[in-house]
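Going letter by letter, the sequence shown gives residues 21 to 259 in the numbering used here.
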Amino acid sequence: MEKTGPTLLAIDTASTSLSTAVLVNGEVKGELYEDMERGQAENLMRFIAESLDQAGITFDEVDGVAVTVGPGAFTGMRIGLATARALGLARKIPVVGVSSLEAVAYGVSERDQQGRNILVALDSKRNEIFAQAFDGKKRPLSAPECVAPRQALMMAPPGDTLLAGDATPRLLTAAAHAPDAFYDCTTPGLPRAGNVARIAAARWGTDENLPPVPMYLRAPDARRIEDQGPAKNKPVHEE
Numbered sequence: 021m022e023k024t025g026p027t028l029l030a031i032d033t034a035s036t037s038l039s040t041a042v043l044v045n046g047e048v049k050g051e052l053y054e055d056m057e058r059g060q061a062e063n064l065m066r067f068i069a070e071s072l073d074q075a076g077i078t079f080d081e082v083d084g085v086a087v088t089v090g091p092g093a094f095t096g097m098r099i100g101l102a103t104a105r106a107l108g109l110a111r112k113i114p115v116v117g118v119s120s121l122e123a124v125a126y127g128v129s130e131r132d133q134q135g136r137n138i139l140v141a142l143d144s145k146r147n148e149i150f151a152q153a154f155d156g157k158k159r160p161l162s163a164p165e166c167v168a169p170r171q172a173l174m175m176a177p178p179g180d181t182l183l184a185g186d187a188t189p190r191l192l193t194a195a196a197h198a199p200d201a202f203y204d205c206t207t208p209g210l211p212r213a214g215n216v217a218r219i220a221a222a223r224w225g226t227d228e229n230l231p232p233v234p235m236y237l238r239a240p241d242a243r244r245i246e247d248q249g250p251a252k253n254k255p256v257h258e259e
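Spelled out as structure tokens, the structure:
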């Protein structure tokens, strides 16, 4: 069978779940997902082995590794990135990063037949949320930011907007009296490795994939969040 596109191993541990998948000839195989706030480090290699086994390939056949870089939980990001880097180093294959926010938006866009805008909100475990707006074609409409929920709603352009991510309930509360139509997409609430692989494959061989380093969104103090609105925080990639 003629090979079409890269064979990728994808990993997500940047939130309160663990997900792995393999992309072979443009098809996601062996995708595993489990809600897992603790125990990611102990279970990740088992998940990877099971994904490869279900995909019917060995790690020697993998062309590259795609991993979520956040924003998300500090420990989770480090687990996934450290493992991805080690695997890439062992095989001398590329390791690329994918935004957790974009991975959620991708899954929503693939399911929505109306091409509506998407606002992704992920829990930061603090008063603020990680948020970013996308159009129906998965293109970003705003920068990823760490803001209060009502400021996050300002990222969405006028019109119908799908809300996605595990912080969606907080957006819905803030949107209760908003003039525009916001719809709870419900799923996917967290990134799925299959979508991480698809995003990375679409950009393979270009400079559009992110570097495999954590994306930290630094929130200003509470007063500045309330006063300034979105577009005040910028993503910071650190080694």
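Just so you know, even glycine gets a beta-carbon here, dropped at the ideal spot from N, CA and C.
Mind reading off the beta-carbon distance from residue i to residue j? Whole number of angstroms is fine, and I expect it under 8 Å.
i	j	result
L101	V89	7 Å
I77	T36	Not confirmed; about 29 Å, so no contact.
A153	M175	4 Å
L142	I149	7 Å
A93	A34	7 Å
L64	T95	Not confirmed; about 12 Å, so no contact.
V82	I113	7 Å
Taking its Cβ as the centre, do 16 or more other Cβ atoms sit within 10 Å of residue i, making it buried, or is it exposed?
i	result
E22	exposed
T188	buried
A125	buried
G59	exposed
G225	exposed
R243	The pLDDT assigned to R243 is 40, lower than 50, so where the model puts this residue is not dependable; a value taken from the coordinates is nonetheless given after this. Exposed, since its Cβ has fewer than 16 Cβ neighbours within 10 Å.
D227	exposed
P169	buried
P177	exposed
E122	buried
A196	exposed
R109	Arg is not the amino acid found at residue 109; the sequence shown has Leu there. L109 is exposed by the Cβ-count criterion.
For residue i, which beta-bridge partners are listed by DSSP?
i	result
A151	A141 and E165
L210	For L210, which the question treats as bridged, DSSP gives no partner whatsoever.
Y53	S39
A86	A30 and V116
A184	V140
L230	G117
F202	T181
So, with DSSP's three-state summary, where would you put residue i?
i	result
P177	coil
E47	strand
P160	strand
D73	helix
D80	helix
A251	No answer about A251 holds up, because its pLDDT of 42 lies below 50 and its placement is not dependable.
G25	coil
P91	coil
Q134	coil
A194	helix
F225	In the sequence under discussion, the amino acid at residue 225 is Gly, which differs from the Phe named in the question. Of the three classes helix, strand and coil, the one that applies to G225 here is coil, per DSSP.
G96	helix
R105	helix
G127	helix
R218	helix
R146	coil
R170	helix
R111	helix
R58	coil
A242	At A242 the pLDDT is 40, less than 50, meaning the model places this residue with poor confidence; the figure from the coordinates comes in the next sentence. If DSSP states are grouped into helix, strand and coil, A242 belongs with the helices.
Quick one: what's got a C-beta closer than 7 Å to residue i's C-beta in the same chain, skipping five residues either side?
i	result
Q74	K49 and G50
S119	V89, P164, L230 and M235
F67	L38, T40 and L52
K254	Bear in mind that a pLDDT of 48 at K254, under 50, signals an unreliable position, so the number given afterwards is only what the model happens to contain. Same-chain partners within the cutoff: A163.
D132	G156 and L182
Quick one: does residue i have its CB under 7 Å from some CB of chain B?
i	result
T78	No chain B is part of this structure, which consists of one protein chain only.
Skipping 5 residues on each side, what residues in its chain have a beta carbon closer than 6 Å to that of residue i?
i	result
L43	L28, A217 and A221
G25	G46 and A221
R223	N229
M97	A34, G90 and P234
D55	S37
V116	A86, A220 and N229
For residue i, which residues from the same chain have a beta carbon less than 8 Å from its beta carbon, with the 5 sequence-adjacent residues on both sides left out?
i	result
A172	L139, A141, I149, A151, E165, L191, A194 and P250
Y203	R136, D180, T181, L182 and L183
E70	T40, G50 and L52
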